[in-house]
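Enquirer:
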Amino acid sequence: MPTTVKDMLAAANAAVPRISAQDAKALHAKGEAVFIDLREPAELAASGTVPGALPIPRGLLEFRADPDSPDRNPAFQKPVVVTYCASGGRAALAGKLLQELGYKDVRNLGGFKDWVEAGGEVQKG
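Per this note's numbering, the very first residue in the sequence shown carries number 1; after that it's consecutive.
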């Protein structure tokens, strides 16, 4: 039987811990994590992003995160990776992918709206 998106999301949500926006804000304040904004450029332009977050659309993540890729972003050397998107689905899938690439501490913030509703600072593009 083929795998469905629902199955993929369930597996990703089981593998990647979801963190609260308050916990994400604490990690951000300490500078211990790289934040990955998986939304598309139009989404970023419309709402802004977490200050300092890497804007990497979901479809390019493998190329920016793979330790052996010449396109790897050096910010992936931080000990914690926090993913987020619009509602948390892309972030969960991306988190699982990052674990498969060898990243040990990956966390899912969920949606950018969660960050904003918790009073997180917003960087306009």
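Glycine included, each C-beta is placed from N, C-alpha and C at the ideal position.
Please state whether DSSP places G59 in a helix, a strand or coil.
Expert: If DSSP states are grouped into helix, strand and coil, G59 belongs with the helices.
Enquirer: Could you check what DSSP says for N108 in three-state terms: helix, strand or coil?
Expert: Strand, per DSSP.
Enquirer: Per DSSP, which residues does K49 bridge with? Please list them.
Expert: According to the sequence as given, residue 49 is Thr; it is not Lys. For T49, DSSP records a beta bridge to Q123.
Enquirer: Quick check on the burial criterion: 16 or more other C-beta atoms within 10 angstroms. Buried or exposed for A33?
Expert: buried
Enquirer: Can you tell me whether L38 is buried or exposed, with buried defined as 16 or more other CB within 10 angstroms of its CB?
Expert: The Cβ neighbour count for L38, taken over all protein chains shown within 10 Å, is at least 16; the residue is labelled buried.
Enquirer: What does DSSP give as the partner residue(s) for Y84 in the beta ladder?
Expert: D37, G110
Enquirer: Is DSSP giving R18 helix, strand or coil here?
Expert: strand
Enquirer: Smallest Cα separation from V82: which of V16, A118, N73?
Expert: V16
Enquirer: Among A118, M1, L109, K96, whose alpha-carbon lies nearest the alpha-carbon of A12?
Expert: K96
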